[in-house]
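Residue numbers for the sequence shown, in our numbering: 152 to 518. Every residue gets a Cβ at the ideal spot worked out from N, C-alpha and C, and that includes glycine. None of these values were measured; they are calculated from a predicted model.
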Amino acid sequence: MLHSFLNYVVWDPNQAVFSGFDRLRWYSLLFALGFIISQQFMVYFFRKEGQNEALVDKLTIYMVLATIIGARLGHVLFYEPEKYLSNPIDILKVWEGGLASHGAAIAILFALWLYAKRTPGQSYLWVVDRIVIVTAMTGALIRFGNLMNSEIGGKDTGTDMGFVFARDAEEILETLKVPFESIEAYKPEDRAGELQGNGIVPLNFEIKINKGNFSKEDLGAILQRDIKYALTQFKSSKEYLAEPLESPLNFEIAEQPDGYLVTVKTFGKTKYPTQIYESLSYFVIFLILLALWAKYKSRLPEGLLLGLFLISVFGMRFVWEFLKEVQVDFEQSMQFNMGQLLSIPLVIIGFILIGRALKNGFKPAGN
């Protein structure tokens, strides 16, 4: 039982990189870092293959615009068209979330076609073959950013292994009308005996509250009502927490010299950390594509790396979608969700590109 208790993780990172400075978020940092690192890789690729390095700045502009615009429009058109087309101004509110990697992929392919058309000496497939190397790396960073945001998570594991995403519940508790100092979720080591092997696992919230004018009894009455509501009535609470609605709230209040320490004892649901699965998959794909380029460089038949990228990235995306929660309600009744349906044609195109590339064969050394 103790061994099983050690196998789940309570995940509640602060989305801000620095405490007290909410404007710099992990997701934004990793998203930007992906482009910065990608630009340096592209400079290296261009230099090694005798291309003009100054063109990388131009290429970067095409990539950044295509990624942001394509990812946003992809989400709007593929997942929530009615919501956004009825109020188009909301499409511009990228900070509220809603980006689709399939939309970004399509937009990037189109933007690179425009770039190649305006850039003599570089064919479309030559450029795309180099871009997909760094795109895989950027995808790995972005998925890690999703993990730091506690978003795009997996389904219930049904076992006592997995991640308990507690950040949403913490943010709900922060809206309580009590003078709290801090809220922290953690795995209580003294509750290992409460595990039942069904994925409903012990989860505690520790809330530090200023004394103010509250007596211990008054605070208890307020918390019994408000915390119970916060942990059971919100959509995210029902998704990530498992406290039975009919049970009384189980909490303790310890009086301290400068306030109260409230320990709320509840239960969470273990989820598949699909953000980690995807991030690691994309990073391995990045390493494989980079190794192929490093060995063959300009000898590579055009379209080979793009084909490998489409098959591996969207093939893995198809697989991991089986473990992920649906993104929008209409996917509930679908055998394959929208992410999987959009991945299928990209994988097919990947096979066609590889067949074409292998038919042309590797270029002779020295060309």
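- Taking 7 Å as the cut-off, the Cβ atoms of residue 290 and residue 254 do not count as close.
- Cβ atoms of residue 286 and residue 421 stay farther apart than 8 Å, at about 32 Å.
- For residue 308, no alpha helix (DSSP H) run applies, since DSSP gives it neither H nor E.
- Here residue 281 is near residue 196, since their CB atoms are less than 7 Å apart.
- About 5 Å separates the beta carbon of residue 207 from that of residue 193, a gap short enough to meet the 8 Å contact definition.
- Taking 4 residues as the shortest admissible run, the region 379-415 contains the following complete alpha helix (DSSP H) segments, listed from N- to C-terminal end: 386-391.
- Listed in chain order, the alpha helix (DSSP H) elements of length 4 or more contained wholly in the region 224-272 are 232-236, 252-268.
- The alpha helix (DSSP H) runs lying completely inside the region 314-388 and spanning 4 residues or more are 318-324, 367-383, given in chain order.
- Boundaries of the beta strand (DSSP E) around residue 160: 159-162.
- Pairing residue 276 with residue 438, the inter-Cα distance amounts to about 20 Å.
- With a 10 Å radius around the Cβ and a threshold of 16 neighbouring Cβ atoms, residue 294 comes out buried.
- Here the alpha carbon of residue 296 sits roughly 14 Å from the alpha carbon of residue 434.
- Between residue 461 and residue 501, the CB-CB gap stays under 7 Å.
- The beta carbon of residue 465 sits closer than 6 Å to those of 494, 497, 498, all from its chain and outside the five residues before and after it, given in chain order.
- Looking from the CA of residue 490, the closest CA among 467, 504, 503 belongs to 467.
- When DSSP reads this structure, residue 176 sits in a beta bridge with 167.
- In the DSSP assignment, residue 485 falls outside any alpha helix (DSSP H) and carries neither an H nor an E.
- Residue 418 has 353 as its beta-bridge partners, per DSSP.
- Between the alpha carbons of residue 283 and residue 260 lies a gap of roughly 10 Å.
- In this structure, DSSP gives residue 209 a helical state, which the three-state scheme calls helix.
- A straight-line Cα-Cα distance of about 43 Å links residue 427 and residue 365.
- Cβ contact annotation for residue 358 (same chain, cutoff 6 Å, sequence separation greater than five): 331, 334, 413, in chain order.
- Pairing residue 163 with residue 321 gives a Cβ-Cβ distance under 7 Å.
- For residue 446, the enclosing alpha helix (DSSP H) stretches over residues 425-447.
- Per DSSP, residue 477 lies in no alpha helix (DSSP H) and is assigned neither H nor E.
- The C-alpha of residue 444 lies about 15 Å from the C-alpha of residue 512.
- For residue 298, the enclosing alpha helix (DSSP H) stretches over residues 275-299.
- Ranked by Cα distance from residue 451, the first of 160, 266, 418, 279 is 279.
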